[in-house]
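Below you'll find the structure, written out as structure tokens, and then a few comments.
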Amino acid sequence: MTPSSSIAAPGAVVPGHEATDDHGHHPSYLTDGTTVKSWLLTVDHKRIGIMYMVWVLLFFLVGGIFAMLLRIELLTPGPTIMDAMTYNRVFTLHGIVMIFLFMIPAIPSIFGNFLLPLMLGAKDVAFPRLNLLSLYVYLAGAGFALWGMLNGGLDTGWTFYTPYSAHTTTTVAPVLFGAFIIGFSSILTGMNFIVTTHTMRAPGITWFKMPLMVWALYATSCIQVLATPVIGLLLLLVTAENLFSLGMFDVARGGDPVLFQHLFWFYSHPAVYIMVLPAFGVMSEIVATFSRKNIFGYRAVAYSSVGIAFVGFFAWGHHMFVSGQSTFNAGVFGVLSMLVGVFTAIKVFNWVGTVYKGAVEFSTPFAYFCGFLFFTVFGGMTGIAVATVSLDVPWHDTYFVVAHFHFIMVGATIMAFLAALHYWFPKMFGKMYHEGWGLVSAALIILGFNATFIPQFLLGNAGMPRRYYEYPERFQALNVASTAGASLLAFGFIIIAVYLTYALIYGERVDNPWNSKGYEWLTASPPPTHNFIGPQPTYPEEPHFYVDPNTGKGEVSDV
Amino acid sequence: MAIANESHQEEHNMQEHHGAGRYVVIWVVLLVLTLVTVFTGRMHLPDFGLLLALVIASVKGTLVALYFMHLSEHRGANRLVFGVSIVFVVLLIGFTLMDFGTRFRLANPPGSQYSDLQAVDIGANPAEGRTGGHQQQIKQQHETHE
Amino acid sequence: MSSAHVTPGTVPGPKLAAHFASLEVQKHAARLGMWLFLATEILLFAGLFACYASYRFLFPEAWAASSRSLDLTMGTINTVVLITSSFTAAMAVHYAKEGKNKMVGHMFVLTLLMAIGFLVIKFFEYKHKFHIGTLPGRYYFYEGIQLPGAPLYFTVYFASTALHALHVVIGMTVLAFSTVRAYRVGDFNANNYTAVELGSMYWHLVDLVWIFLFPMLYLV
Amino acid sequence: MSDLANQFLFLPERASTFAERVDFLHYFVVGTTMVMSAGVGLAALFMFFRYRRREAHQTTEYVVPDLKTEFLFVSVPLVFFLAWFAIGFRDFTWYTTPPKDSMDVYVMGKQWMWKFSYPEGPNGVNVLHVPAHRPVRLLITSRDVIHSFYVPSFRIKMDALPGRYTQAWFEATKPGTYQVLCTEYCGLSHSKMLAEVVVLAPEDYENWLKEQQRGRLQDRQDALADTSLVPPAARMSEQGQKLVGSQGCLGCHSVDGSKHIGPTFLGMYERTEKLQDGQDIRVDEAYITQSMMDPGAHIVAGYQNVMPTYQGKLQGPESAAIVEYIKSLRTANVRESASEGPAYDPIQ
């Protein structure tokens, strides 16, 4: 890529930003209406984002408590604190809560909602009311799911494999129906983002000047729109199977449980990218900001997001290598899975390349970036390892797989979530948190995370299957190590909760503490209700353009 | 000025207004194709019957999408969205069928043409003791008769 | 959507929501949103089509026999009815562009009547099946077809036609709103017909799905 | 060398030909992963240090990669990934294509046990006997939900689908006992659905097979006489295990600790049971034998008197064998012949 001529306008005036020089003279979105109603019925994308944050964090807490219960139970080979049935329900609920209620909405619905219009110079998303609707649909689905959990819960695992899910006596139907409803929320958000990206870009923001976060959200939205309906239908079919014996996958009548798995993974594999692509987007912003550099290979990173979204759809069969699927299909899906790895590798190399000749400031979000980088490389490459057809045979459904996807889900997505939380905290609330505590908790979390999941890789190697309530004694040492790590991790989260809450109230007022040149920082922090005061900002430069204005065009050097 | 361009182009495309005659023609063609597909369907062509029916259906579907839904006037994203969704449907079905066709034969559902196993249940026939899984009701009927 | 920036006094047009740059953009957004929504509908049915395709692939004989047990005449009539209703829906858009609100209403009423006709015919088909026992899965008690896979066919049949019928009902609701608006308010014109257009697009999708379901279920 | 690697990676003992292939690729892949992660990490660390910020509003150069760099970013991982895929798929094809001369064993998963049967006759519950150095094809099925047959030491795994067969094959390389685990969640006692593969030297296997085919217990005496391999108690309990399957005991009594129509056999021996009339009884040989012949005599509290008598259906040595089998299911001895395994208390 070559710098376009528009780069030549150094030090451009940014009108939307002027009003922020004297704080308090314009109402921010936070102070514009303080009644409960003004929050609950708002169509402001920023407020919706914040409401999402409240709920999503609540569900993260619920899922986290489930996770800790699981880890405590696994301290000893036999029963520890609960019976087998409870354990089976708890791991199912941990999966469902974390995936459907936390992971999928986490970054897109909180940060995407908050930032997408800001990054595109728009006043709101294209369909603000649909946006609010998606929040309430999400809550309705969550309500259904929670109601089902309180009424006995279900023990199928989050994968709901038939025929077990069709026959189990636990409350499958309400939870599945809840997940089905949440699907609508996901679709609405996705539609909204795609349309917003297509139609609401401010003059000057061409496709290849969009922040990479937007590219990532765009790719994520495509997956949400195209994949979610399939799982919606499938959840309905399984619910019908469970309630009325509809018989679509009924083995006795020629139905095929492997067909269920095909349809399930057609959604659930791309769903992994719904969870991780926004994380990639967040990290592209953060690495650029903190090394004060334009992204190395912008187009490559942008295209690879779309590439992952597309190829990610056609790799689903690698979840089924030993499920009775044909050898031929295993080969096809095996090759396609490798391509996803290549796209991810492109991103990783370009992030590292961004730091080259940059000016790194090692603050909390960047600390998470470091953790993220390691976890993504390791998690991603172990992903390639389990997609390597013959290696999957011993690893399939063991703790190796558990560790791998937690490396991606927790290692990449939660690191990105925390990084985003710290990076955009000043943007959202105009307050700053305590940097020292930020670094301490980041260190704790990264350490705790490694201590939790690296033993699980080894457990998987040793052959411990997942979803085991009791296990042979030889696995105990590693399980204890993993539980110890999890406690460290939990402790890190508690510290974050404390200092961020403190910062919310007593934090120092700031506007752009990172001196970032991302588009979203062109407006005040916290932004005014309609995002910009006065005329809309112009966008003469690409985002994260840190070239010295005195040297004119900037020194362009090829590597 | 990307923003203006995309939406402006769209608006420009949609400005054209055609006479109602065009809709009538499409409608008639759709009805004729329906009759054709019923006719060929009733011939019960052995191998390519379904294929032919699907080709005709695709032609009909294309006509509906292009003219009733005005896709012929749309450009850019709208077309892309529709096209991509069709591609994904085809790939979903294609990969799944590929699996059934190439699987270890005994792993396919028993009684199917790709399996060597006998079917567990092949429909209702009380005389042979097969009840189509409808045992409960048959039993109850039995009891009420007695 | 708050409508703070409505420009009064010009040609009667749709309200411009505050966050859009122009009406052009607003219409474009609405249309693109609708296409995306239709894409999700297509993929929703794709799941059922995949089930259909897989089982048809595995049990061709049962499929052929079972499809012959359906009433082709009723199916054909339903197809004609739905295609015609789609045609009237398209005409409604045509008239909306010309500002003939009465005709828009009439066309939609015709569409709705045909939709009801479609559902009634479907009801009689269902009733017949409940009577002879060509029912899904373990409820199947029809003795006429003794082939493995036959109960599965009726699972697919009922699942897909029921889902389609649900869409017919949703489509009818959407169109009913536009009908009322066309008669009562009558503000559709060349500048303001998005509501009619989107409603009718949804209806065409319902038709489109049936165009595929018909040969798949009745003509294998 | 590879033993050291196995220790380091916590890999279990390597006991099949497939395991050797898998482990080779395992080292390659995991080694590259570690080198790559470390490489990226070190490169990043170096750059974080080398290019640390010197002033708050520092400006930087505008650096973009040229085509060559991007090509390198794509091609290097691609070459590695495709190489892994090629090796992996070759091995997988090998794994899913059993040799023509392999011996067939039917495996059936059922909540929550594994049943093995050989075309020639003998059946087994939770213990699979196979000869070493001979390819064995497993035709795996399930009676209820999906299970997955996993032998870590052989590195093999295959799902058991209800109503149809999947296949997997292996060739064990050394005699021994290897644990079988279920890896597809299958309900309450998923984690207790354990079994084992006993790999015998070819000649031992022949003997075992002969013994099995002799079938009736009358022959057991002389069989014992010429087998010094297994202690008599274990030998008898093996017969008993066969009998509880063939006599239908397992229809009502589980061997995994779960309560069914009758009390579980697991840990029954020497347990103190509360009877319906409130008395306690210690389960010993006499009580077990009496329960088989006159089931209604002492009913354990919480169970119905539904068991048929086996008077006349079982001969003396047979009932003795069953008693011996139940004795072998004492909690501490659940996996008595297993090389390693859990010693857990069953849920009562």
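From first to last, the protein sequence lines stand for chains A, C, D and X.
Note that the first sequence covers residues 25 to 583 in the numbering used here.
Note that the second sequence covers residues -1 to 144 in the numbering used here.
Note that the third sequence covers residues 10 to 229 in the numbering used here.
Note that the fourth sequence covers residues 998 to 1345 in the numbering used here.
Built from N, CA and C at the ideal position, the CB exists for glycine as well.
{"Asked": "Skipping 5 residues on each side, what residues in its chain have a beta carbon closer than 7 angstroms to that of S465 (chain A)?", "Found": "G516, I519 and I520"}
{"Asked": "Determine the contact status of V86 (chain A) and V114 (chain A), defining contact as a CB-CB distance below 7 angstroms.", "Found": "no"}
{"Asked": "So M237 (chain A) and L154 (chain A) are supposed to be a Cβ contact under 8 angstroms. How far apart are they, rounded?", "Found": "That belief does not hold up - the Cβ atoms of M237 (chain A) and L154 (chain A) are roughly 21 angstroms apart, past 8 angstroms."}
{"Asked": "Within this structure, are the beta carbons of D416 (chain A) and F481 (chain A) separated by less than 7 angstroms?", "Found": "no"}
{"Asked": "What residues in the segment 51 to 68 of chain D have a beta carbon less than 9 angstroms from any beta carbon of chain A?", "Found": "I51, L52, L53, F54, A55, G56, L57, A59, C60, S63, Y64, L67 and F68"}
{"Asked": "Who pairs with K1107 (chain X) in a beta bridge, going by DSSP?", "Found": "X:M1110"}
{"Asked": "What are the boundary residues of the beta strand (DSSP E) that P1116 (chain X) is part of?", "Found": "That residue, P1116 (chain X), is in no beta strand (DSSP E); it is neither H nor E in DSSP."}
{"Asked": "Does DSSP classify I319 (chain A) as helix, strand or coil?", "Found": "coil"}
{"Asked": "Would you kindly work out how many angstroms separate the C-alpha atoms of S1186 (chain X) and V1142 (chain X), rounded to a whole number?", "Found": "13 angstroms"}
{"Asked": "Check the C-beta distance from G1237 (chain X) over to E1321 (chain X) and give it rounded, since I have them as a contact under 8 angstroms.", "Found": "5 angstroms"}
{"Asked": "Classify K1171 (chain X) as helix, strand or coil using the three-state DSSP reduction.", "Found": "coil"}
{"Asked": "Run through DSSP, which three-state label would S52 (chain A) get?", "Found": "strand"}
{"Asked": "When you compare each of D:A71, D:V118, D:E134 and D:T143 to S209 (chain D) by their alpha carbons, which one comes out closest?", "Found": "D:V118"}
{"Asked": "Along the chain, where does the beta strand (DSSP E) containing H1144 (chain X) start, and where does it finish?", "Found": "H1144 to V1148"}
{"Asked": "P479 (chain A) lies in the alpha helix (DSSP H); which residues open and close that run?", "Found": "E459 to A486"}
{"Asked": "Please list the residues of the segment 105 to 125 of chain D that have a C-beta atom closer than 9 angstroms to any C-beta atom in chain A, keeping them in chain order.", "Found": "none"}
{"Asked": "Tell me the DSSP bridge mates of G1121 (chain X)?", "Found": "X:F1113"}
{"Asked": "Rounded to a whole number of angstroms, what is the C-alpha to C-alpha distance between V87 (chain C) and V335 (chain A)?", "Found": "15 angstroms"}
{"Asked": "Mind checking if S56 (chain C) is an interface residue toward chain A, Cβ cutoff 7 angstroms exclusive?", "Found": "no"}
{"Asked": "Could you pull out every residue in the same chain whose Cβ sits closer than 7 angstroms to the Cβ of G195 (chain D), ignoring the five residues on either side in sequence?", "Found": "N110"}
{"Asked": "Considering only residues of the same chain and omitting the five flanking positions on each side of I298 (chain A), which have a CB-CB separation below 7 angstroms?", "Found": "I128, T244, I247 and Q248"}
{"Asked": "Among residues of its own chain, excluding the 5 on either side of P1260 (chain X), which ones have a beta-carbon nearer than 8 angstroms to its beta-carbon?", "Found": "H1250, E1270, V1297 and Y1300"}
{"Asked": "Does M344 (chain A) get closer than 7 angstroms to chain D when you measure Cβ to Cβ?", "Found": "no"}
{"Asked": "So, under 8 angstroms CB-CB, A98 (chain D) and H213 (chain D) are touching, yes? Tell me the CB distance rounded to an integer number of Å.", "Found": "7 angstroms"}
{"Asked": "Give the DSSP-derived three-state secondary structure of G531 (chain A) in the structure shown.", "Found": "coil"}
{"Asked": "Just the chain A side, please: which residues come within less than 7 angstroms of M162 (chain C) by C-beta, in chain order?", "Found": "Since the displayed chain C opens at -1 and closes at 144, residue 162 (chain C) lies outside it and no answer follows."}
{"Asked": "CA-CA distance, F168 (chain A) and T182 (chain D)?", "Found": "26 angstroms"}
{"Asked": "Please list, in chain order, all residues of the same chain as L43 (chain C) whose beta carbon is under 8 angstroms from its beta carbon, the five residues on each side excluded.", "Found": "L50"}
{"Asked": "With a threshold of 8 angstroms on Cβ separation, who are the neighbours of V17 (chain A) within its own chain once the five nearest residues in sequence on each side are excluded?", "Found": "In the structure as shown, chain A starts at 25 and stops at 583, and residue 17 (chain A) therefore has no counterpart that could be examined."}
{"Asked": "Taking the alpha-carbon positions, what's the R1134 (chain X) to P1128 (chain X) distance?", "Found": "12 angstroms"}
{"Asked": "In whole angstroms, what separates the C-alpha of V306 (chain A) from that of P389 (chain A)?", "Found": "10 angstroms"}
{"Asked": "Would you tell me roughly how many angstroms separate the C-alpha atoms of F163 (chain D) and G146 (chain D), rounded to the nearest one?", "Found": "7 angstroms"}
{"Asked": "Terminal residues of the continuous alpha helix (DSSP H) containing V434 (chain A)?", "Found": "Careful: V434 (chain A) lies outside any alpha helix (DSSP H) and carries neither H nor E."}
{"Asked": "Report the start-end ranges of each alpha helix (DSSP H) in the segment 280 to 364 of chain A that is 4 residues or longer and not cut off at the edges.", "Found": "281 to 315 and 322 to 335"}
{"Asked": "Is the CB-CB distance between A197 (chain A) and T263 (chain A) below 7 angstroms?", "Found": "yes"}
{"Asked": "Starting from E1193 (chain X), follow its DSSP beta bridges and name the residues at the other end.", "Found": "X:V1124 and X:Q1176"}
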